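S.K.: Numbers -20 to -1, 1 to 776, taken from mature numbering (1 follows the signal peptide of the UniProt record, and there is no 0), label the letters of the sequence shown in order. Ideal Cβ placement from N, Cα and C applies to all residues, glycine included. Just so it is clear, the structure is predicted and the values come from calculations on it, not from any experiment. Structure provided below as structure tokens; questions to follow.
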Amino acid sequence: MKSSQSILFGILLMFVYCRGHYASVSDRHDLCPKINPWVFLGYRPMGKEEAGSYEKISNVTLNGCIMKCCESDSCNVVFMNKNDCYTLSCKSNDACLPVYAKENILNFKMILVAPKLPVTDWTDVLEGKYFSEPEDANVVYPLEKICEVNNDCTDNQLCDSQIGICVCTEGYQLDDTKKFCYSNSGNLGLGSNTSGYDVDDVNNVITEQQQQFDSLKKVSIESESQKPPEIKHLVVSVLSKTVRLPENEATLSAYTVPADDTGHSYQYEWSLISKTQGSGQTVSMNDQNGSTLKLSHLVEGLYMFKVTVTGTGAFGETQANVTVLLPQRINKPPKAVILPSSLVVKLSNTVAVLDGSSSRDDTGIVHWRWELQKGQLGYRPHLPPDTPTLQLNDLQIPGNYTFKLTVMDAWNATDSTTANITVMRVPDYPPEANAGQDMVIYLPVKNVTLNGSLSTDDHGIVAWEWTKSSSDQNKAVDIQDTRTPYPRLSNLEEGLYTFVLRVTDNANQTSSPSEVHVFVKPPTNKPPVAVAGKNLTLSLPQTWVSLDGSKSRDDIGIKKWKWFQISGPSNVRFNKDNDSRTNVTKLTKGVYVIGLTVTDGNGNNASNIVKITVYQKKNTPPKANAGGDKTIVLPVSAIVLNGSLSWDDLAIVKWEWIREPNSLAAGNIILNSDHSSVLIVTNIVEGSYVFRLKVTDDQGASSEDIVSVNVKPDPIAKSIVCLTLYIEASRLTQNQADEVKLKLGMLLPTGSQLKVRKWTEEQNSKRAQLHFFVDDNKNKTLSGPNVVSMLKSKLK
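Below, the structure written as structure tokens:
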């Protein structure tokens, strides 16, 4: 009994001390229930850099490295190189199998943390695959052997700082469990049992650890003294191949040193590691377990294969590529095309464009070259290099020009073609002036604008010149804009004026003169004649009509129009009351009298009327429209329902809003609005209001519509703070209210905003009350109690 207590006390002491340095074995097991219990010293992942995705963590212990991996969902393996930790997310479990690298035994440490799903135990992977074993059996240690200082090790052990593993002191060696040290004389390094360990318990631990190590090494250990067999490295080589379609077969042969014909018998296993993305169908592989792999159904891309060779106590592997190229193509020469192939340019136009972009080639044209083969003496065009389009801007000399285009493809094949440009000088005829139509005006009109825009020239007019006739030199007139097609004449006097127009083209050719006459006559006193149109009749439900006063007339012309209503049962609307034609809307049953007044240039006016008679052949009942259901949110204190969209063919004479029995009773109807088209209800509360709108026309026909209003609670009601001031609400000015808000804001945290909900009057004391809430710097509304507590603490 005493011995058992000693053992328990010793274990507890060791556990407490270890927790002070790094995570215990139980901690690791809690975070990493799938971790393999062995440290592989001098091992590296089989896939090397291609094993998966590495993340480097510098200046961390092996225990810290393991814990980092345990905390990550994607980490599968921990790999230490000196003081650098690498957490590895494996492409596959096979790629992360440990491979022994004896030359770096002091640098490489590897721990299998969690296999990739669906595998749940690394032992299944290690037993199912052949992994490289070391020549020295002292390079695989339990996780418990990881150390930082000597106190992390058990009896007769010290911490090797270079590898971070507990090793036996001089004169002692590890047992097969790699956990305890015993003297070279054969005794366990436990002394005379003075530390309280039970030898039988230790033997049980040794047996259990021995069984775990047997499973890991895949070697049947029949006795404690038996060590794993030595694994020899085979040198395996495979020559990569390149094939070109349509050939789609290839072979890969593996060669070993020593060769398999020297008394050795090897097993071969070929596998496809990767292929170019999008390579399509799966390649066919034959003789995957022979020294020569036969491949068929290859498609364009890169294939990577791996061969693993095993024998009795021997192992080796290598990789090789098969590159499949596209079929050798036969180049087709390009075809040069110029559009247009023939072009005529008429002076004074000097621009031409030749487009060779329609040239074609099976792989694409890479070079373009333009040349002038034939042209007029002294003409040197600018020919830009490597462009499919040639723009010529200086074709000023009449004659024939031939341009050659040569195109070249990527295989240096070429083709050429030519295009012809003919530059012609065309006849230039003199311009022809047109001064416009003769005009008649009546005083007091003294202004008029002439129009010479109908003058013509084959190449364009560049100048206009307006003058008075030589016979009118003594007549008074002011002329502006005489160098434009539209001269302005003013201060004309009674009489006949003659004006002359001459125009000039870009060849400096001048037209023959063209004359226009302006007759200025004395004022006329004849008033205009207004014609508002024929009387009209229409039937409801049509409520509009078109009026036409364009037949009104005057000897010098009508300048103004004005439509207006004289009488009628309702007020009508004109869409254009200042035009000769207009539309009249909002008509109802009855007789309307509409007037039209026209005014001429002398201020004379005349008026006329038109009657519009609107009948109702059959009464159409009204159609009530209460405006549709709606939702409002407190603190909105009123409901406004608009029924003005209700309709009747004649007129609605009665409006009635009725509160339904299932509606909330709270709320006041103001301004007698329940008998108008718009209902207003104040002092509303949270809940549902239901109103029925009834409309009636003058013939007693009626219609009803029901509307519901859902009043939702104030979303920040619990955040509203009410502050009562020692001043009557009737005496509080806006400046004082702003000052209160400013001072309260200064008591709030930086970035907070005080927002006023409303000002009210306390019912009994008549004091002013401020209702407000506070948003923090993230626009989140603070709770009312927190704001009150915050302000009270600042006001103490």
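With respect to the alpha helix (DSSP H) encompassing N43, which residues constitute its N-terminal and C-terminal limits?
M.R.: In the sequence shown, the residue the question calls residue 43 occupies position 63. Segment 42 to 50, the alpha helix (DSSP H) holding N43.
S.K.: Give me the Cβ distance between L576 and G623, rounded to the nearest whole Å; I'm assuming they're in contact under 8 Å.
M.R.: Along the sequence shown, one-based indexing puts residue 576 at 596. Along the sequence shown, one-based indexing puts residue 623 at 643. Not quite, the Cβ-Cβ distance comes to about 37 Å (not below 8 Å), so this is no contact.
S.K.: May I ask you to report which of helix, strand or coil DSSP gives M726?
M.R.: In the sequence shown, residue 726 corresponds to position 746, counting from 1. Helix.
S.K.: Cutting at 7 Å between CB atoms, please list the residues of its own chain near G513, excluding the five before and the five after it.
M.R.: The residue given as residue 513 occupies position 533 in the sequence shown. Here the set comprises L527, D528, G529, V590.
S.K.: Does M60 pass the burial test, meaning 16 or more other C-beta atoms within 10 Å, or should it be called exposed?
M.R.: As a first step, residue 60 must be located in the sequence shown, where it is residue number 80. Buried, by the Cβ-count rule.
S.K.: At the level of alpha carbons, what is the spacing between A604 and N551?
M.R.: On the sequence shown, residue 604 is found 624 positions in, with the first residue counted as 1. On the sequence shown, residue 551 is found 571 positions in, with the first residue counted as 1. Each residue's Cα considered, the two are about 23 Å apart.
S.K.: Where does A31 land, buried or exposed, given buried means 16+ other C-beta within 10 angstroms?
M.R.: As a working note, residue 31 is residue 51 in the sequence shown. Counting Cβ neighbours within 10 Å, A31 comes out buried, since at least 16 surround it.
S.K.: Take Q460 and list the residues in its own chain whose beta-carbon comes closer than 6 Å to its own, dropping the five residues that flank it on each side.
M.R.: Residue mapping note: residue 460 aligns to position 480 of the sequence shown, counting from 1. Same-chain partners within the cutoff: R468.
S.K.: Just reading off the alpha helix (DSSP H) that K772 is part of, what are its end residues?
M.R.: Within the sequence shown, residue 772 is the residue found at index 792, counting from 1. Segment 764 to 775, the alpha helix (DSSP H) holding K772.
S.K.: Which of the three DSSP states, helix, strand or coil, is assigned to V571?
M.R.: As a working mapping, residue 571 is identified with position 591 in the sequence shown. If DSSP states are grouped into helix, strand and coil, V571 belongs with the strands.
S.K.: Can the beta-carbon of W541 be found closer than 9 Å to that of S532?
M.R.: Here the question's residue 541 lines up with position 561 in the sequence shown. Here the question's residue 532 lines up with position 552 in the sequence shown. Yes, the Cβ-Cβ distance between W541 and S532 is below 9 Å.
S.K.: From H439, V480, H751, V428, pick the residue whose C-alpha is nearest to that of residue 784; which is it?
M.R.: Residue 784 lies beyond the range of the chain shown here (-20 to 776); nothing can be said about it.
S.K.: Quick one: Cα of M770 to Cα of Y66, how far?
M.R.: As a working mapping, residue 770 is identified with position 790 in the sequence shown. As a working mapping, residue 66 is identified with position 86 in the sequence shown. Cα-Cα distance, rounded: 51 Å.
S.K.: Work out the CA separation of P95 and D267 for me, nearest whole Å.
M.R.: Counted from its first residue, the sequence shown places residue 267 at position 287. Counted from its first residue, the sequence shown places residue 95 at position 115. In a straight line, the C-alpha of D267 is about 31 Å away from that of P95.
S.K.: Looking only at its chain, what residues have a beta carbon closer than 6 Å to the beta carbon of M90, apart from the 5 residues adjacent to it on each side?
M.R.: Taking the first residue of the sequence shown as position 1, residue 90 is located at position 110. Taking C-beta separations shorter than 6 Å and ignoring five residues to either side along the sequence, the partners of M90 in its chain run F20, Y23, F59, P78, following chain order.
S.K.: Mind listing, in chain order, the continuous alpha helix (DSSP H) runs of no fewer than 4 residues lying wholly within the stretch 678 to 761?
M.R.: 714 to 726
S.K.: Among L385, V289, L305, L375, whose alpha-carbon lies nearest the alpha-carbon of P314?
M.R.: For the purposes of this step, residue 314 is taken as the residue at position 334 of the sequence shown. The residue with the shortest Cα to Cα distance from P314 is L385.
S.K.: So, with DSSP's three-state summary, where would you put V105?
M.R.: Within the sequence shown, numbered from 1, the residue matching residue 105 stands at position 125. Three-state result, V105: helix.
S.K.: Using DSSP bridges, identify the partner residues of E636.
M.R.: Counting from one through the sequence shown, the residue named residue 636 turns up at place 656. Looking at the DSSP assignment, E636 forms a beta bridge with K674.
S.K.: So, at 6 Å on beta carbons, what are the nonlocal neighbours of L724 in its own chain, with the 5 sequence-adjacent residues on each side left out?
M.R.: Numbered from its first residue, the sequence shown carries residue 724 at position 744. Within the same chain, L734 come within 6 Å of L724 by CB-CB distance, once the 5 residues on both sides are set aside.
S.K.: Give a yes or no on whether the C-beta atoms belonging to S653 and W637 are separated by under 9 Å.
M.R.: Within the sequence shown, residue 653 is the residue found at index 673, counting from 1. Within the sequence shown, residue 637 is the residue found at index 657, counting from 1. For S653 and W637, yes; Cβs fall inside 9 Å.
S.K.: Got a sec, what are the start and stop residues for the beta strand (DSSP E) A399 sits in?
M.R.: For the purposes of this step, residue 399 is taken as residue 419 along the sequence shown, with counting starting at 1. Per DSSP, A399 belongs to the beta strand (DSSP E) from 394 to 405.
S.K.: For the beta strand (DSSP E) containing A586, list its first residue and its last residue.
M.R.: Residue mapping note: residue 586 aligns to position 606 of the sequence shown, counting from 1. Counting along the chain, the beta strand (DSSP E) containing A586 begins and ends at 585 to 595.
S.K.: Ignoring anything shorter than 3 residues, give me the beta strand (DSSP E) runs that lie fully in the stretch 254 to 307, in order along the chain.
M.R.: 264 to 266, 272 to 276, 281 to 291, 294 to 305
S.K.: Buried or exposed, going by whether 16 or more other CB atoms sit within 10 Å of the CB of K758?
M.R.: The residue labelled residue 758 in the question sits at position 778 within the sequence shown. Exposed: under 16 other Cβ atoms inside 10 Å.
S.K.: Near D609, what residues of its chain come up, given a Cβ to Cβ distance below 8 Å and the 5 sequence neighbours on each side ignored?
M.R.: On the sequence shown, position 629 is the one that residue 609 refers to. Only V687, S688, V689, N690 meet the Cβ criterion.
S.K.: Using 8 Å as the Cβ pair cut-off and three pairs as the minimum, do the stretch 518 to 527 and the stretch 558 to 578 touch?
M.R.: yes
S.K.: Distance, Cα to Cα, D101 vs N16?
M.R.: Within the sequence shown, residue 101 is the residue found at index 121, counting from 1. Within the sequence shown, residue 16 is the residue found at index 36, counting from 1. When rounded, the distance between both Cα atoms is 8 Å.
S.K.: Quick one, are the C-beta atoms of V302 and V223 less than 9 Å apart?
M.R.: The residue labelled residue 302 in the question sits at position 322 within the sequence shown. The residue labelled residue 223 in the question sits at position 243 within the sequence shown. Against a cut-off of 9 Å, the Cβ pair of V223 and V302 comes out as a contact.
S.K.: Beta strand (DSSP E) containing residue 855: first to last residue?
M.R.: Nothing about residue 855 can be read from this structure; the chain reaches only from -20 to 776.
S.K.: Just the C-alpha distance for L727 and N648, rounded to the nearest angstrom, thanks.
M.R.: In the sequence shown, counting from the first residue as 1, residue 727 sits at position 747. In the sequence shown, counting from the first residue as 1, residue 648 sits at position 668. Rounded to the nearest angstrom, the two C-alpha atoms are 39 Å apart.
S.K.: State the beta-bridge partners of N563 as determined by DSSP.
M.R.: If you number the sequence shown from 1, residue 563 lands on position 583. In DSSP, N563 forms a bridge with S526.
S.K.: Given a cut-off of 9 Å on the beta-carbon distance, is the pair L225 and L306 in contact?
M.R.: As a position in the sequence shown, residue 225 is number 245, starting the count at 1. As a position in the sequence shown, residue 306 is number 326, starting the count at 1. Cβ atoms of L225 and L306: closer than 9 Å.
S.K.: Would I700 and R737 qualify as a contact pair, given that the criterion is a beta-carbon distance under 9 Å?
M.R.: Mapped onto the sequence shown, residue 700 falls at position 720. Mapped onto the sequence shown, residue 737 falls at position 757. Yes, the Cβ-Cβ distance between I700 and R737 is below 9 Å.
S.K.: May I have the straight-line CA-CA distance separating T292 from A390, to the nearest angstrom?
M.R.: Taking the first residue of the sequence shown as 1, we reach residue 292 at position 312. Taking the first residue of the sequence shown as 1, we reach residue 390 at position 410. Taking the straight line from one Cα to the other gives about 57 Å.
S.K.: Starting from the C-beta of N311, find all residues in its chain whose C-beta is less than 8 Å away, skip the five residues before and the five after it, and write them out in chain order.
M.R.: Counted from its first residue, the sequence shown places residue 311 at position 331. Within the same chain, N311 has close Cβ partners D342, T343, D389, W391, A393.
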